[in-house]
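Trainee: The structure follows.
Numbering (full-length UniProt numbering), first residue to last: 1 to 303.
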């Protein structure tokens, strides 16, 4: 049996209650395995996981959506990778930070926003833009949602559309990811994330508090998707069906996804993605706070 150890790890996590349940899809060349085990909900009701339920993707929104929108704008010549973000967000007071810094989490944005989750949308935007860059820009990777909030706002300033609208039009529709959404219509098909004392069970409502405030203007989180749609996305990044997917990312940008893109060649971040290697072959991966995960190995056609 292929991936015997992988399946054992998944089951072990459920059996030991590390996670309530797990949905998985594995692609290996022409082979394909998928399934689910365990529970989608333990409280207030115990409900089994079913095939292709929607998950709150959390930070996978960054690489499924926002990254690809920005790379399209670069390909179209509407922005340049080394542009200062102050060219598009003049309220920002550290002009040395570039688009590349945001995409690779090398901006070293510092500062603290008091009572951040209690602010209004306008107050939160103003507070984020009031932060500054530290002295380690381009030399260290510090993963920060702020990088992708800024990228979403830059895309909006250029196009006049919210980042969520741009993701729907430019990524989800051409890839036929019709089950992927920022606003699930049937919350009973959504795996819940948490019980919040003042709200109750979070099911179909985005978990990330900043995205709750920013709504359509958050490029850091917000997407809900299922296994079938994420498989379409993964196969796109594996290079399948290029005749119909080249409009999403051209060949140069698709190749760039699998290369080190940090300013000082740190070797650990691509555009949006964590970058690692297996026998010198690049592998990209990303996680989401809610427990979601994508791993893609284009060289071996695995994911």
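Backbone N, C-alpha and C fix where the C-beta goes; we use that ideal spot for every residue, glycine too.
Only a predicted model underlies this, so the values are computations on that prediction, with no experimental measurement involved.
1) Using a beta-carbon distance below 9 Å, is residue 138 in contact with chain C?
2) Between 241, 275, 155, 240, which has its C-alpha nearest residue 256's C-alpha?
3) Can the beta-carbon of residue 163 be found closer than 9 Å to that of residue 66?
4) Going by Cα to Cα distance, which pick from 225, 26, 74, 207 is closest to residue 254?
5) Spell out a yes or no on whether the region 227-239 and the region 151-159 are touching, meaning 3 or more CB-CB pairs, one atom from each, closer than 8 Å.
6) Residue 227 lies in the alpha helix (DSSP H); which residues open and close that run?
7) The beta strand (DSSP E) spanning residue 38 covers which residue range?
8) Give the single residue among 41, 72, 79, 269 whose Cα lies nearest to the Cα of residue 138.
9) May I have the straight-line CA-CA distance separating residue 124 from residue 145, to the nearest angstrom?
10) By Cβ distance, which residues of its chain are closer than 7 Å to residue 21, with the 5 residues on each side in sequence left out?
11) Counting Cβ pairs closer than 8 Å, one from the region 278-292 and one from the region 53-62, do we hit at least three?
12) According to DSSP, simplified to helix, strand and coil, what is residue 123?
13) Is there contact between the region 199-216 and the region 111-127, where contact requires at least three CB pairs shorter than 8 Å?
14) Straight-line CA distance for residue 194 to residue 218?
15) In the DSSP output, which residue or residues are listed as bridge partners for residue 286?
Mentor: Quick answer:
1) Protein chain content of the structure displayed is limited to a single chain, and chain C is not contained in it.
2) 275
3) yes
4) 74
5) no
6) 227-237
7) 31-41
8) 269
9) 13 Å
10) 14, 36, 37, 38, 39, 40, 49
11) yes
12) helix
13) yes
14) 20 Å
15) 294
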